Amino acid sequence: MQDDERQRLAADQPAFAHFLGIRVMSAGPDEVVAEMTATAELSNRNGVLHGGAIMGFADNLGGTAATLNLGSGQATTTLESKTNFLRPIRIGDVAHGRCIALHKGRTTMIWQTTISRADGKVAAIVTQTQMLMEWHDGGATRSQGAVT
């Protein structure tokens, strides 16, 4: 995949990413960097960024990173995700996400996203596994069998 195609794919975010307010700052085959403002619409009852919004932010970065590494006819989906919440992100603050490759294999990729607050302190670390699939008109299949 050429760099201009990677940049187009990174910029072409799904509606959910727009709803969260994710802004991709840079994207390459081994790292995706983005930011997201913690808004009142994304808060929990304690007045900080909701854990689900943090997880959605990280999942989007990992999915974007995996997409930038797909071959022709391939698709990706999150197979597993684990989040460690370390500090809150207050409403009005900007969350910064940096997603890096830990493993890029033939059928899976593992990505780690570190989410930091504007003060530079780490708020969450998310590790996720992305499954790679061959995508056909009838659905997705893995090279070892059907995914349904």
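Numbered according to the UniProt record's numbering, the sequence shown spans residues 1 to 148. All C-beta atoms, glycine included, are put in the ideal place defined by N, C-alpha and C. Note that this is a predicted model, so its numbers are computed, not measured.
- Spatial neighbours of residue 104 in its own chain (CB-CB distance under 7 Å, excluding positions within 5 residues in sequence) are listed in chain order as 69.
- Bounds of the beta strand (DSSP E) holding residue 95 are 94-104.
- In the pairwise beta carbon analysis, the stretch 101-120 is classified as touching the stretch 50-62: at least three pairs are separated by under 8 Å.
- Put simply, the backbone Cα of residue 93 is about 11 Å away from that of residue 43.
- Rounded to the nearest angstrom, the gap between the Cα atoms of residue 86 and residue 20 is 21 Å.
- Listed as beta-bridge partners of residue 114 by DSSP are 98, 125.
- By the CB criterion at 8 Å, residue 82 and residue 127 fall inside the cutoff.
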